[in-house]
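**Q** Just so we're aligned, residue 316 is where the sequence shown starts under my numbering, counting upward by one. One structure, as structure tokens, below. Some questions next.
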Amino acid sequence: MGRAVWATFIALLAFCCPASADNFPSRPITIVVPFSAGGPSDAMARILGERMKLTLGQAILVENVTGAGGSIGVGRAVHAAPDGYTVGFGHLGTHVANGAIYKLNYDLVSDLEPVVLLPSNPMIIVSKNAVPATTLKELIGWLKARPAPATAGTAGAGSGSHIAGLYFENATGIKLQYVPYRGTGPALNDLVAGQIDLIVDQLSNSINQVRAGTIRGYAVTDDKRAGSAPDIPTTDEAGLSGFHMTLWSGLWVPKGTPKEVVAKLNAAAVDALNDSQVRKQLENLGLQMPPADKLTPEALGDWQKAEIAKWWPMIKAANVKVD
Ligand code: MLT
């Protein structure tokens with residue numbers, strides 16, 4: 316048989332027969348992270364993947380597929396073969412907000428099988444050190460007094476940092492000029508370099524730069540201080556009461572992936588979340604473990620639907636334009 320015929324035959328095999336769960340996994344698994352390397356999503360995926368491979372007995376590869384607020388990478392995972400070898404990493408931005416902003420060629424609920432809810436963290440309002448403010452109230456005063464909107468780094472329209480920015484605008488009446496990156500890793504580099512004014516960022520992404528004093532942290536979007544950043548006030552303490560936002564993450568696989576395969580991926584992720592070393596790494600980044608009773612695939616599915624109901628009205632009212 317010619318090479319083309321063989322290739323077609325192999326390709327058909329990949330789609331014709333649902334993965335057999337008995338010998339799953341029999342080859343490496345890829346986690347698609349829809350943001351660039353070096354950001355908070357990438358960091359969490361790599362930390363968890365390193366431990367999941369011990370349970371699964373196969374390498375876990377992380378592939379960064381970026382662009383359009385994470386919706387391109389999510390599409391890659393959604394349209395992969397439903398065999399468990401391609402797992403999609405996502406979060407509030409990609410698996411809730413994007414559905415209200417983009418004309419997606421997939422449905423965030425009906426085209427995916429939830430696998431497991433992952434750790435979450437509050438957002439933190441951070442600025443470049445050159446901003447003449449040391450408290451949140453001073454920062455808001457500076458933002459309101461500016462002749463032109465301050466620049467706010469995001470991971471693209473619909474990303475967690477973008478939704479947080481919209482929420483910050485709503486809560487304060489300021490206007491921001493968003494500067495989109497392929498992830499908040501590169502956005503943070505530009506903030507440290509003073510190229511942009513601020514980010515409403517995941518705590519896990521900014522915490523080390525705040526600790527190092529290379530950027531300024533004003534408040535965390537929670538009603539209690541972060542154990543890993545006890546000197547950063549809450550938004551309630553800093554004068555912006557009720558501006559709370561928790562960015563949670565999760566893993567999904569394409570619709571049609573066999574339940575037994577989903578169960579094996581879920582078990583490996585739960586093993587990782589229960590591993591003391593993994594917990595220490597994640598908690599040191601300011602991440603909070605999901606509640607033990609929220610670790611089933613169904614719990615992530617229910618949570619995502621509830622978050623869609625919660626966030627879509629605000630996001631749609633913001634009338635975000637994406638080119
Ligand atoms: C976001 O803002 O959606 C994420 O923090 C982006 C990322 O993980 O790089």
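Beta carbons: idealized from backbone N, C-alpha and C, even for Gly.
Count the CB pairs spanning the stretch 457–467 and the stretch 432–439 that are closer than 8 Å, and state whether there are at least three.
**A** With a cut-off of 8 Å, the stretch 432–439 and the stretch 457–467 do not count as touching, because too few Cβ pairs lie within range.
**Q** Does DSSP classify M629 as helix, strand or coil?
**A** Stepping through the sequence shown from its first residue, residue 629 is reached at position 314. Correct three-state label for M629: helix.
**Q** Are there 16 or more other CB atoms within 10 angstroms of the CB of C331, so buried, or fewer, so exposed?
**A** Indexing the sequence shown from 1 puts residue 331 at position 16. Confidence is the limiting factor: at C331 the pLDDT is only 49, short of 50, which leaves the residue's position unreliable, though a coordinate-based value still follows. Exposed.
**Q** From the DSSP output, read off the bridge partner residues of V441.
**A** For this step, residue 441 is matched to residue 126 along the sequence shown. DSSP, once it has assigned bridges, lists I514 and G532 as partnering V441.
**Q** Identify, in the order they occur along the chain, each residue of the same chain with its Cβ nearer than 6 Å to the Cβ of S519, setting aside the five sequence neighbours on each side.
**A** What you label residue 519 is simply residue 204 of the sequence shown in a count that begins at 1. For S519, where only same-chain residues beyond five positions count, the Cβ hits under 6 Å are P355, N436, L600, G601 and L602.
**Q** Kindly provide the ranges of any beta strand (DSSP E) runs that are 3 or more residues long and lie completely inside the stretch 428–484, ordered along the chain.
**A** As far as the stretch 428–484 is concerned, its whole beta strand (DSSP E) runs of at least 3 residues are 465–469.
**Q** Under 8 Å, do G414 and P349 count as touching if we go by C-beta distance?
**A** Translated into positions along the sequence shown, residue 414 becomes position 99. Translated into positions along the sequence shown, residue 349 becomes position 34. It is not a contact, given that the beta carbons lie outside the stated cut-off.
**Q** Within the same chain, show all residues whose beta-carbon is closer than 7 Å to that of K620, passing over the 5 residues directly before and after it, in chain order.
**A** Along the sequence shown, one-based indexing puts residue 620 at 305. Same-chain partners within the cutoff: V424.
**Q** Evaluate the contact criterion for the stretch 543–550 versus the stretch 523–535: three or more CB pairs, one atom per stretch, below 8 Å.
**A** With a cut-off of 8 Å, the stretch 523–535 and the stretch 543–550 count as touching, because enough Cβ pairs lie within range.
**Q** For the ligand MLT, is there a heavy atom less than 7 Å away from the beta-carbon of A470?
**A** Walking along the sequence shown from the start, residue 470 turns up at place 155. True, at least one ligand heavy atom lies under 7 Å from that Cβ.
**Q** Which value, in whole angstroms, describes the spacing of the CA atoms of P495 and V411?
**A** The residue you call residue 495 lines up with position 180 of the sequence shown. The residue you call residue 411 lines up with position 96 of the sequence shown. So the two alpha carbons sit approximately 18 Å from each other.
**Q** Please determine if the stretch 463–475 and the stretch 485–502 are in contact, where contact requires at least 3 C-beta pairs separated by less than 8 Å.
**A** Yes, the stretch 463–475 touches the stretch 485–502.
**Q** Please classify S476: is it buried, with 16 or more other beta-carbons within 10 angstroms of its beta-carbon, or exposed?
**A** Here residue 476 refers to the residue found at position 161 of the sequence shown. Counting Cβ neighbours within 10 Å, S476 comes out buried, since at least 16 surround it.
**Q** In chain order, what residues of the same chain lie with their CB nearer than 6 Å to the CB of T499, ignoring the 5 residues before and after it?
**A** Numbered from 1 along the sequence shown, position 184 holds the residue referred to as residue 499. These residues qualify, in order along the chain: G354, A470, S476, D516 and N520.
**Q** How many angstroms separate the CA atom of F483 from the CA atom of R342?
**A** The residue given as residue 483 occupies position 168 in the sequence shown. The residue given as residue 342 occupies position 27 in the sequence shown. Those two C-alpha atoms are separated by around 44 Å.
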